[in-house]
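In this note's numbering, the protein residues as written are 141 to 363.
Just so you know, even glycine gets a beta-carbon here, dropped at the ideal spot from N, CA and C.
Data first, discussion second: the structure below is written as structure tokens.
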């Protein structure tokens, strides 16, 4: 059954790519619809029917044969990057999604672009709850107002803090888990522009979270 599902997805992706190639040919001959990429990929985003191989191939075609051919067509570029951000959100690759959103030049700040995406807002709230940054809706709203979302490193740091949750229970027993948490902690400290008074030391989940709280409270605790 699993093999059949993979075969069906592969066949569907082959057909989808052939359709996309045809749309690219049409656009190059008559570039009158700069949003053709978004119109084509949106149904695939909604259904989740995008394999990594299909993603690689459409990126290669768009970036090497379409975008470079029309470097001043901002509507074309914005449509591409905004929809690629959705693709990466679907795949929960938040770092790549941030990178794509940064490339969208539509007059909105990065903060507005991030907070307009429900997946990002949910990720941020989950991180805040995991580390005790907030206790209720009012505190979350205040965090959104005060947080430096214009600093991309800060957003990356929140993503990393969410990702290392899976290592919490292995900090004592696994050097890999400890190092992943340490790297996330040090990056959060860097993004928050905090110089630690002493070396970071933690032994388990709770002491790790305490170190994060010290950094967080340095910037947010007394405001």
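Among residues of its own chain, excluding the 5 on either side of residue i, which ones have a beta-carbon nearer than 8 Å to its beta-carbon?
i           : result
residue 327 : 293, 296, 297, 300
residue 221 : 240, 241, 243, 244
residue 350 : 342
residue 263 : 234, 298, 299, 302
residue 280 : 265, 268, 274
With a CB to CB cut of under 6 Å and the five nearest residues on each side skipped, what residues in its chain are close to residue i?
i           : result
residue 181 : 223
residue 237 : 225, 228, 229
residue 307 : 317, 320, 321
residue 218 : 244, 246
Buried or exposed for residue i, please, with buried defined as at least 16 other CB atoms from any protein chain shown within 10 angstroms of its CB.
i           : result
residue 188 : exposed
residue 267 : buried
residue 209 : exposed
residue 114 : The displayed coordinates of the chain run from 141 to 363. Any statement about residue 114 would go beyond what the structure contains.
residue 168 : exposed
residue 194 : buried
Would you mind reading off the limits of the alpha helix (DSSP H) that contains residue i?
i           : result
residue 277 : 277-286
residue 329 : 315-331
residue 267 : 258-270
residue 187 : 176-187
residue 299 : 292-303
residue 219 : 214-230
residue 196 : 192-201
Could you check which residue in the options has the C-alpha nearest to that of residue i?
i           : options            : result
residue 191 : 155, 234, 285      : 155
residue 213 : 238, 172, 279      : 172
residue 185 : 231, 201, 276      : 231
residue 309 : 215, 324, 289, 348 : 348
residue 290 : 151, 251, 276, 314 : 251
residue 304 : 195, 277, 325      : 325
residue 360 : 340, 288, 346, 314 : 288
Skipping 5 residues on each side, what residues in its chain have a beta carbon closer than 7 Å to that of residue i?
i           : result
residue 353 : 271, 272
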